[in-house]
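Numbering (the working numbering), first residue to last: 987 to 1238.
In this text, a Cβ means the ideal position worked out from N, Cα and C, and glycines have one as well.
Treat the numbers as computed from the prediction; the structure is a model and nothing was measured.
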Amino acid sequence: MSGFSNSLDIVIPVLNEEKALENSVHTLVSFCQHNIEHYDWFITVADNGSTDQTLQIAEMLSEQYSRVRFIRLEERGRGRALKMAWSQSEAAILAYMDVDLSTDLNCLPQLLESLSGSKFQIAIGSRLISGSKVVGRSFKREFISRCYSILFRIMFFVSFKDAQCGFKAISRQVAQEVVPLTKNNGWFFDTELLILAEKTGYPVLEIPVKWVDDPDSRVNILKTAFEDIKGLFRLRFRDLSEVRKLIKCNKS
Ligand SMILES: Nc1nc2c(ncn2[C@@H]2O[C@H](COP(=O)(O)OP(=O)(O)O)[C@@H](O)[C@H]2O)c(=O)[nH]1
Ligand SMILES: [Mg+2]
């Protein structure tokens, strides 16, 4: 892939998604062809640990479309898949979205355009700011998501509200400078990336999105909530001071 400034890699992390993958990629390819044709876009399906036909479907799609490729890792973890896909990519803009396309694709052009100015190098979809529209999300997940948002904002004084929406884009510079600082390879990866980005001088831009919830989920709510809280405390009381020292060293 070329390293032109309008090159874009949209990563779709997948775990056992044989039912959704094919249709989602057809939809995304068609959307990109008609709506973001001025980008040199590619789609990368990133699978780790699927035990169903996901990998075969990804392979078939990559044969069908020259702009679709796939990578495969053995060890599971969404963060791990994203890190690997982004670090292997040469694109100027690195994005990702969930395979269920819960976030309305019409929000994609705005997400990408917001990175074209000089102010933001990281933009995220948000279901928790005014202007967003969320359909079909259970009370339980909505409640947990809002409590989590309050918790990390109290702990880190960050500006963004929704760390967990599966719809984000970062610049190559953020991928090279901030992504390697993250330690989590699972669901906490997103939050860790955003907090570290703001703490290292990359403000996060939140864009309200339209979200239609897909009840088919890989998330174990209790386990993930525990992982998230553990991650927040690790970051706040251990790793953040290391990061601050690193920034000071680089500046002096
Ligand atoms: N590569 C990879 N993708 C994963 C893993 N776990 C979940 N995903 C993907 O992450 C995306 C979001 O998962 P989903 O279950 O829809 O999360 P939810 O919308 O928060 O309930 C989907 O595209 C999943 O296939 C994993 O371990 N590895
Ligand atoms: Mg989902």
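Practice task
Alpha carbon to alpha carbon, how far is Ser1073 from Arg1058? Give it in angstroms, no decimals.
Solution key: Taking the first residue of the sequence shown as position 1, residue 1058 is located at position 72. Taking the first residue of the sequence shown as position 1, residue 1073 is located at position 87. Cα to Cα, Arg1058 sits roughly 14 Å from Ser1073.
Handout entry: Cβ-heavy atom distance, Asp1148 to ligand 2, below 8 Å
Key = Translated into positions along the sequence shown, residue 1148 becomes position 162. Not so, every heavy atom of ligand 2 lies at least 8 Å from the Cβ.
Problem - Reference Leu1094, options Met1141, Glu1128 and Phe1153, closest by Cα - result: Against the sequence shown, residue 1094 aligns to sequence position 108. Closest in alpha carbon position to Leu1094, among Met1141, Glu1128 and Phe1153, is Phe1153.
Exercise for the section: Check whether the Cβ of Ser1088 lies closer than 8 Å to any heavy atom of ligand 1, and answer yes or no. Expected result: As a first step, residue 1088 is located in the sequence shown; it is residue number 102 there, counting from the start. Yes, the Cβ of Ser1088 comes within 8 Å of a heavy atom of ligand 1.
Practice task
Please work out which residues of its chain come closer than 6 Å, Cβ to Cβ, to Pro1166, disregarding the five sequence neighbours upstream and downstream, and give them in chain order.
Solution key: Taking the first residue of the sequence shown as 1, we reach residue 1166 at position 180. Sequence-distant partners of Pro1166 (beyond 5 residues in either direction) whose C-beta falls short of 6 Å from its own C-beta are missing from its chain.
Handout entry: Segment contact, 8 Å Cβ cut-off, at least three pairs: the stretch 1115–1123 with the stretch 1195–1208
Key = Contact between the stretch 1115–1123 and the stretch 1195–1208 is present, because at least three Cβ pairs lie under 8 Å.
Practice task
For the beta strand (DSSP E) containing Thr1040, list its first residue and its last residue.
Solution key: Here residue 1040 refers to the residue found at position 54 when the sequence shown is read from its first residue. Premise fails: Thr1040 lies in the alpha helix (DSSP H), Thr1040 to Gln1050, not in any beta strand (DSSP E).
Practice task
Tell me, please, whether the stretch 1039–1052 touches the stretch 1179–1187 by the rule of three or more beta-carbon pairs shorter than 8 Å.
Solution key: Touching, no, given that fewer than three Cβ pairs across the two stretches are closer than 8 Å.
Problem - Per-residue burial, Glu1049 [other beta carbons within 10 Å of its own, 16 or more giving buried] - result: Here the question's residue 1049 lines up with position 63 in the sequence shown. Classification of Glu1049: exposed, given that the 10 Å Cβ count is below 16.
Exercise for the section: Spell out a yes or no on whether the stretch 1053–1068 and the stretch 1159–1176 are touching, meaning 3 or more CB-CB pairs, one atom from each, closer than 8 Å. Expected result: Short answer: they touch.
Practice task
Would you identify the three-state DSSP class for Trp1173, choosing helix, strand or coil?
Solution key: As a working mapping, residue 1173 is identified with position 187 in the sequence shown. Of the three classes helix, strand and coil, the one that applies to Trp1173 here is coil, per DSSP.
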